[in-house]
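Heads up, the final residue of the sequence shown is numbered 255 in numbering that gives the first Met the number 0, and it's a clean run with no missing numbers.
We put the CB at the ideal spot given by N, CA and C, even for glycine.
All figures in this text were calculated on a predicted structure; none of them were measured in a lab.
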Amino acid sequence: MTSWHDLTGHVALVTGGNSGIGLGMARGLHNAGAAVAIWGTNRANNDAAVAALRSDGSGAEVAAFGVDVADEDAVAAGMAQTLERFGHIDSLFANAGVPGRSAPIDQMSTEEWRRVMSVNLDGQFFTVRAAAGQMKARGTGSIVFTSSVSMSEGLPFSTHYAAAKAALTAMARGLAVELARDGVRVNAIVPGWTQAAMTEDLLSSPAAQAKILPRVPLRRWGAPDDYEALAVWLAGPGSGYVTGQTLVIDGGYSVF
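This is how it looks when you write it as structure tokens:
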């Protein structure tokens, strides 16, 4: 059996792979020998991510594409560019997302609701739809959604964010059954409080240190590095009998 952490010849697409958890997953995949395509909207972050991965010594190919997953046409064009460059996609990490702007439900604007849903839910649908056909045709593939502990823990004033993340776990379960006989596995990861640019201000605040961190049994925040080996496992043969699952990575937060 091929080593579960050897992804030589594998092609992975990571949306939102230019920072945070997405970059951690992209880094782990590339270090394991996979060619990695990164989708992101920030060109500077895209360039920095490509440079970081090229420096890991694996020699595997890496390229970034400026794709806004909320734009249906941009996703179709981005997928065409990615397939032209890499030939196929073995694994898709549908990770792109935006934070919600907090507001009581009776004061939340439709514009804000749609802003979050367009990226965090619609964008995942557009991306998976664009990738699934070639996976089915090849009879193999792995799709991984990035959800959030907010799907079950209750996130006041950001119900749009929580609702979108909860929907992704339902998509993972449904697609796992739908695509199983095509050889495509579908799972969701559920990160807890993880240090990234998006969460930096919150996690460094005295309130978070006093109220949230004591609820994490491992007594530390998550880090992008925590998702490297997980991504490799979900992409490769080591998880060949794993599909339809929701994998929580939160340092024990949700059980304490």
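Roughly how far, in whole angstroms, is the beta-carbon of residue i from the beta-carbon of residue j, given that I think they are within contact range, below 8 Å?
i: ARG84; j: ALA62; result: 6 Å
i: GLY16; j: ALA48; result: 6 Å
i: LEU6; j: ALA36; result: Rounded, the Cβ-Cβ distance is 14 Å, inconsistent with contact.
i: ARG184; j: SER141; result: 5 Å
i: ILE20; j: THR145; result: 6 Å
i: TYR226; j: GLY23; result: 4 Å
i: ASN186; j: VAL241; result: 6 Å
i: VAL10; j: ALA33; result: 7 Å
i: SER90; j: ALA234; result: 4 Å
Using a threshold of 7 Å, state whether the C-beta atoms of residue i and residue j are closer than that.
i: THR126; j: THR14; result: yes
i: ALA228; j: GLY27; result: yes
i: ALA102; j: PHE156; result: yes
i: ALA75; j: ALA129; result: yes
i: PRO138; j: GLY96; result: Here the sequence assigns Gly to residue 138, which means Pro is not the residue at that position. No.
i: THR193; j: ILE104; result: no
i: TRP3; j: GLY237; result: yes
For residue i, is the classification buried or exposed, using 16 other Cβ atoms within 10 angstroms of its Cβ as the cut-off for buried?
i: GLU177; result: exposed
i: PHE255; result: exposed
i: LEU201; result: exposed
i: LEU174; result: buried
i: LEU217; result: exposed
i: PRO213; result: exposed
i: ALA79; result: exposed
i: GLY86; result: exposed
i: GLY122; result: buried
i: THR81; result: buried
i: GLY56; result: exposed
Let me make sure I understand the geometry here. Which of the options has the alpha-carbon closest to that of residue i?
i: VAL68; options: TRP38, LEU82, GLU60; result: TRP38
i: GLU152; options: ARG172, ALA129, GLY182, PRO190; result: PRO190
i: ASN30; options: SER18, ASP46, GLY58; result: GLY58
i: VAL118; options: ALA131, GLY182, PRO98, ARG137; result: PRO98
i: LEU246; options: SER108, ARG137, VAL143; result: VAL143
Does residue i come out as helix, strand or coil in the three-state DSSP assignment?
i: ILE211; result: helix
i: SER151; result: helix
i: LEU12; result: strand
i: LEU82; result: helix
i: ARG184; result: strand
i: VAL241; result: coil
i: ILE142; result: strand
i: THR40; result: coil
i: PHE156; result: coil
i: VAL247; result: strand
i: THR193; result: strand
i: PHE255; result: coil
i: ALA93; result: strand
i: VAL66; result: coil
i: GLY221; result: strand
i: ALA34; result: strand
For residue i, verify whether its CB is less than 6 Å away from any heavy atom of the ligand MG.
i: ARG219; result: As far as ligands go, the structure on display features none, and thus does not contain the ligand MG.
State yes or no: is the beta carbon of residue i nearer than 7 Å to at least one beta carbon in chain B?
i: HIS4; result: In the structure shown, chain B cannot be found, because there is only a single protein chain.
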